[in-house]
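Novice: Shown below is the structure under consideration.
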Amino acid sequence: MTGASVGPGPESGARSLVVGVGARRGASGDAVFALIEAVLSGAGLDPADVAEVATVDAKGDEPGIVGAAARLGVPVRTHPAGALAAVRVPHPSGAVDAAVGTPSVAEAAALIDADELVVPKTRAPGGKAAEKGVATCAVARRFPAADGTFGVSGRKTSTSPVTAGSRPFTMAAMNPPTHPPMRDIESAGPGLRHHGDAEVRGENLTDLAVNVRTHTPPPWLRERIAASLTSLAAYPDGSSARAAVAGRHGLPVERVLLTAGAAEAFVLIARALPARRPVVVHPQFTEPEAALRAAGHEVGRVLLRAEDGFRLDPAAVPEEADLVVVGNPTNPTSVLHPAALLEKLARPGRTLVVDEAFMDVVPGEREALCDRTDIPGLVVLRSLTKTWGLAGLRIGYVLAEPETVARLAEAQPLWPVSTPALAAAEACMEPRALVEAAEAADRITVDRAHLLAGLAEFSEVEVVEAARGPFVLVRLERAAEVRERLRLLGFAARRGDTFPGLGPRWLRLAVRDRATTNRFLQALDQAVQALPARSGR
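Numbering (the numbering used here), first residue to last: 21 to 557.
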């Protein structure tokens, strides 16, 4: 019976997490609970937010699963194998399908009555040989309905059977394509809020997962920021920094809005600008879509294809889209779209948001739109995080028509940018800073070429061509296993399956200096060579 529950219920209807669990016969409650606890902790999730533990019917009476649910204080909800088999999951397993009748227990059980996969299937590493690999766990989230309860896509959770023809509530199913040019996706991994810093946080690893330039901020910039601390008693005054940004781009100051990083700009756009049919061009930085969703928008996706080199076709964007978001150069593909091509996306009544967070890494900033005032509805976002190493300070800016800037400013809280961040913004607009940024762009171009040349030696690795950002996107079989082996060898790479339009075979690699790249290439060779051969190949 689909939706059957046993055990205690949650104390509050506000719990939003569903933990899917698969376990071998005889798995202990301690082993299963330890896995769930580790997965939740590793993802920064609160066990108090778990609504239920879900599994397949055949595992519903497993003492390990029942015991773990009891320790969490939630019920066990079971589903028929056939119902779970109808749920599309990012990590299916033929072995699991043969054993229990569904390609995945943990992910499908988590997703069948939820909206978004937060943590993909994770296997228990186990501290004892007898417990190693005895269980798998995945976590999904339900979105709140208008009445404050939680259910699938804002609806109360149904206990009716899931038929083979129903759509699974993976990230793909949250956005069914409503127009012919819009393409669905196969997987968006563990969620739009996953970022590269999660790959290295708390670990002593060489960082190829985060795109911040190494050895930054430079000493002169740290000194300017430190000098601003004597003014902390006064409320921040952004007039000088705003004028400096306007002067750097040759624009009237009315076209500039300072923000607490580009992330705040995405939130302001989602909340303050009118949009009935917003569309995000993917694969790209996921924060714009996350902000739009959080503001209550139904977001359409246009997926660029690997076989096309992830290059933009303006015709793929629906005519009725009244807000379009695109990155240039795009994270994670590192593709630089021609400015003339992006211009074709602009039209009266449409807001065109171009994220140029990495444009200052492109020598000469060719294809930039930041200084254009003749494109209707253009909104350009810039960040000082990547080139200057200011991720912890939060500083960026928006360049747009004065009316748009005024509308976004009204949505900001008072004093949104701190005094140290304003000092950094002003310093980074000065001539010597622009010269240093240009030199860094040239150096990154050379270092990227060295990385690409090294990757070309690997027959197992396919690189997205014409990379122009401070990172490259690569595809290889068993990328997740390679990534884990790289971690054991001291290197962190950014997983690709959290970007809509990509999948588990993709990794993003930050460009580093030649010495670091050489060490990484040696580690990659070891990681690839150490993979055990698959049976039947």
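Backbone N, C-alpha and C fix where the C-beta goes; we use that ideal spot for every residue, glycine too.
(1) At the level of alpha carbons, what is the spacing between GLY474 and GLY384?
(2) For the pair the region 383-401 and the region 520-527, tell me if three or more CB-CB distances fall below 8 Å.
(3) Can you tell me which of GLY516, ARG505 and PHE519 puts its alpha carbon nearest to the alpha carbon of GLN542?
(4) Tell me whether SER479 sits in a helix, a strand or coil according to DSSP, three-state version.
(5) Can you tell which of ASP545, ARG539 and ALA547 has its C-alpha closest to the C-alpha of ASP227?
(6) Using 7 Å as the threshold, is the C-beta distance between THR236 and GLY409 below it?
(7) Does DSSP classify THR236 as helix, strand or coil?
(8) Using DSSP with H/G/I as helix, E/B as strand and the rest coil, what is LYS364?
(9) Run through the DSSP bridge pairs and tell me what TYR417 is partnered with.
(10) Three Cβ pairs or more, each shorter than 8 Å: is that satisfied between the region 350-357 and the region 322-332?
(11) Restricting to Cα atoms, I'd like to know which of ARG97, ILE85, ALA144 and VAL437 is closest to GLY62.
(12) Taking the alpha carbon of PRO433 as the reference point, which residue from ALA280, VAL418 and ALA314 has its own alpha carbon closest?
(13) With contact counted as at least three CB pairs below 8 Å, one residue from each stretch, are the region 432-451 and the region 306-316 in contact?
(14) ALA78 and PHE53 - do their beta-carbons sit closer together than 7 Å?
(15) Along the chain, where does the beta strand (DSSP E) that runs through HIS302 open and close?
(16) I need the straight-line Cα distance from ARG507 to SER403, nearest angstrom please.
(17) Using only alpha-carbon positions, find the residue among ALA58, ALA74 and PRO440 that is nearest to ALA246.
(18) Secondary structure at LEU53, three-state DSSP: helix, strand or coil?
(19) Nearest to ASP257 by alpha carbon, out of PRO436, GLU423, VAL344 and VAL116?
(20) Please report the Cβ distance between ALA486 and ARG468, rounded to the nearest whole angstrom; I am assuming they are in contact, meaning their Cβ atoms lie under 8 Å.
(21) If ARG321 sits next to HIS302, beta carbons under 8 Å apart, how far is it from one beta carbon to the other, in whole angstroms?
(22) Is TYR255 buried or exposed, if buried means 16 or more other CB atoms sit within 10 Å of its CB?
(23) For HIS357, I'd like the list of residues in its chain whose CB is within less than 6 Å of its CB, leaving aside the five on either flank, ordered along the chain.
(24) Could you give the C-beta distance for ALA129 and LYS141, rounded to a whole number, given that I count them as a contact under 8 Å?
(25) Drop a sphere of 10 angstroms on the beta-carbon of GLY84, count the other beta-carbons inside from all chains shown, and report buried for 16 or more, exposed for fewer.
(26) Closest by CA to PRO298, which one among LEU496, VAL94, LEU343 and GLY516?
(27) Could you check the C-alpha separation between VAL559 and ASP517 for me, to the nearest Å?
(28) Excluding the 5 residues flanking PRO396 on each side, which residues of the same chain have their C-beta closer than 6 Å to its C-beta?
(29) Going along the chain, which residues of its own chain have a beta-carbon closer than 7 Å to the beta-carbon of ARG296, five neighbours each way excluded?
(30) Just checking my contact of HIS407 with ASP380 at CB under 8 Å: how many whole Å lie between their CB atoms?
(31) Just tell me which of VAL86, ALA105, SER479 and ALA134 has its CA closest to the CA of VAL548.
(32) Taking GLY93 as the reference, which of HIS269, ASP375, VAL73 and GLU284 has the closest Cα?
(33) Consult DSSP for ARG175 and reduce its assignment to one of helix, strand or coil.
(34) Quick one: using the 10 Å Cβ neighbour count with 16 as the cut-off for buried, is PRO95 buried or exposed?
(35) Buried or exposed: ALA134, going by 16 or more other Cβ atoms within 10 Å of its Cβ?
(36) Just verifying my parser: in three-state terms, what is the DSSP assignment at ARG528?
Specialist: Once the coordinates are examined:
(1) 26 Å
(2) no
(3) ARG505
(4) coil
(5) ARG539
(6) yes
(7) coil
(8) coil
(9) LEU278 and ARG402
(10) yes
(11) ALA144
(12) ALA280
(13) no
(14) no
(15) 298-302
(16) 29 Å
(17) PRO440
(18) Per the sequence presented here, residue 53 reads as Phe, with Leu not at that position. In the structure shown, PHE53 sits in a helix (DSSP, three-state: H, G or I).
(19) PRO436
(20) Actually they do not touch by this definition, with Cβ atoms about 11 Å apart.
(21) 5 Å
(22) exposed
(23) LEU332 and ASN348
(24) With a Cβ gap of about 11 Å, ALA129 and LYS141 do not count as contacting.
(25) buried
(26) LEU343
(27) Since the first residue of the chain shown is 21 and the last is 557, residue 559 is not available in this structure.
(28) ALA366 and PRO368
(29) ASP342
(30) First, the residue type needs correcting, since residue 407 is Thr and not His in the sequence shown. Indeed, because the Cβ distance is near 5 Å, the residues count as touching under 8 Å.
(31) SER479
(32) VAL73
(33) For ARG175, the predicted model reports a pLDDT of 33, less than 50, meaning its position is unreliable and no value from the coordinates is stated.
(34) buried
(35) buried
(36) strand
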